[in-house]
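Peer 1: Can you read through this structure? Questions will come right after.
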Amino acid sequence: MNQMAFQPFGSKKQMRVHFDTRTRFYRDSAPITERDISQGQRVYLDTMLNGDRVFAKTIWIRSTAEEGSSRGQISQIDLARNTVTVREELSDQAVKLQVSPTTAVRRGDQQASLSDLTVGALVALKFGAQRQISEITLLATPGSVFTFAGQVTYLDLSRRLIAIANRSDNQNYDVYMDAVAPNVLRQLREGVNVSLSAVFDGTRYAARSVDFQAASSKP
15 MNQMAFQPFG SKKQMRVHFD TRTRFYRDSA PITERDISQG QRVYLDTMLN
65 GDRVFAKTIW IRSTAEEGSS RGQISQIDLA RNTVTVREEL SDQAVKLQVS
115 PTTAVRRGDQ QASLSDLTVG ALVALKFGAQ RQISEITLLA TPGSVFTFAG
165 QVTYLDLSRR LIAIANRSDN QNYDVYMDAV APNVLRQLRE GVNVSLSAVF
215 DGTRYAARSV DFQAASSKP
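Taking the working numbering, I'd label the letters of the sequence shown as residues 15 to 233.
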């Protein structure tokens, strides 16, 4: 398995990310190969843990400049000091960020407020150069139930884990299948279309039920 070294936002330490033939590489929306990535480039990664290694499912380069973005889990909220601490998804490091009255908070398509933030929530962030958060999107709070529907893009039966490309938001989600019956697990394959109900337990998405769907037809 090959590897690259990256320096995640908010961390002074480098981390090694492993990749293999399953990893997809993109520049904007165009497929590329790992040979097209150069030292010093700013890249974005979709990763998962594979044992004690960080494995990259997708690595892409954005050719246009934009605000910084990150995903992670809220570990501390101090609105008196206008700070939110987030354990960043890629580096697993706690990063303290600034909020303000102009920080937009969203839950799906609905507007929310800073008072809706809770410790343990999964969030997506947009921020400026001074770690000032411009937008927080609440992705999940502990106990929330979600329906994901789309194609299985990764499968590890030894860990009872799949990744699903959710059609409704074009995001990939890692879902653990511990509660799913073995005869259902044996039917899972990469490329299969499924719909599943999962609960976010504060650390991960855990599937409650799985339904198999026919592949969607395209005109």
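Every residue, glycine too, gets a C-beta built ideally from N, C-alpha and C.
(1) Residue range of the beta strand (DSSP E) that L59 falls in?
(2) What's the C-alpha gap between E48 and F39?
(3) Whose C-alpha, out of L131, N180, A193 and G216, is nearest the C-alpha of G205?
(4) Out of R145, S127 and S129, which one is the CA nearest neighbour of K110?
(5) Which of the three DSSP states, helix, strand or coil, is assigned to N96?
(6) Mapping DSSP to helix, strand and coil, what is N264?
(7) Please list the segments of the beta strand (DSSP E) lying wholly inside the region 149-224, counting only runs of 3 or more residues, in order along the chain.
(8) Report all residues from its chain with a CB closer than 8 Å to the CB of L63; omit the five preceding and five following residues, and keep chain order.
(9) At the level of alpha carbons, what is the spacing between V137 and D130?
(10) Hey, out of A212, N184 and V113, whose CA is closest to A154's CA?
(11) Pull up the distance between the alpha-carbon of A19 and that of R85, whole angstroms please.
(12) As a quick exercise: from A220, Q53, F214 and S209, pick the residue whose alpha carbon is nearest that of A228.
Peer 2: To lay it out plainly:
(1) V57 to N64
(2) Using only the alpha carbons, I get a separation of about 7 Å.
(3) N180
(4) R145
(5) coil
(6) The requested residue 264 does not occur in the structure, where the chain is confined to residues 15 to 233.
(7) 159-170, 175-180, 185-190 and 207-214
(8) F69
(9) 12 Å
(10) A212
(11) 19 Å
(12) S209
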